[in-house]
Each structure stands twice: as structure tokens, then as C-alpha cells.
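Trainee: First residue of the sequence shown: 2, per my numbering; consecutive thereafter. Have a look at this one.
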Amino acid sequence: MNLLAFDTSTEYLSLAVRRDSIVFKYDMLAGQTHSQVILPEIQHLLNQAELQLQDLHGLAFGAGPGSFTGVRI
Numbered sequence: 002m003n004l005l006a007f008d009t010s011t012e013y014l015s016l017a018v019r020r021d022s023i024v025f026k027y028d029m030l031a032g033q034t035h036s037q038v039i040l041p042e043i044q045h046l047l048n049q050a051e052l053q054l055q056d057l058h059g060l061a062f063g064a065g066p067g068s069f070t071g072v073r074i
């Protein structure tokens, strides 16, 4: 099963892509730049995993608690 997981509820941006049993992950101290870096970094992880968005079977996300703006992204 191929999954994309992300959390933007804190000052850290955390991303992971699972392709079958292999996990590709990315973490960074994003501060207030989540919305600027999340899409390019998701694409980078998908490229590493040799997947396209349409290959994903599900999404997982951190629902908080966290900053209001961070949870909305």
C-alpha cells in the first residue's frame, strides 16, 4: 500500500511516503514557511519513491493540536 503522511501542526514540517514496505521521510524546521515548501518536498519524496500522486492509496495527517495556520495547511 502506498501512503503519503504529513504534519504541519508545529514549526516542523514532517513528510513521509510509504511504497509497499519502504518508507521515505523528510523533516525540516520550517518555521512559518510550511505552505511554501510542502508541495515541492512532497513531489521530491514521490520522485524518490518512484511514485505519482495517482499511485497513492491513502493519506495520513497530523490533526493537531498545533498552531491555527499550521493545522489549516
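Glycine residues also receive a C-beta, built at the ideal position from the N, C-alpha and C atoms. Everything numeric in this text was worked out from a predicted model, so none of it was measured.
Just to confirm the assignment: which complete beta strand (DSSP E) runs, minimum length 3, are found wholly within the region 19 to 53?
Mentor: Runs found: 23 to 30.
Trainee: Using DSSP's beta-bridge definition, name the partner residues of residue 17.
Mentor: BP columns for residue 17 point to 6 and 26.
Trainee: Bridge partners for residue 61 per DSSP, in chain order?
Mentor: According to DSSP, which records beta bridges pairwise, residue 61 is partnered with 6.
Trainee: What separation, rounded to the nearest whole angstrom, lies between the Cα atoms of residue 39 and residue 28?
Mentor: Near 11 Å, if we compare the C-alpha coordinates of residue 28 and residue 39.
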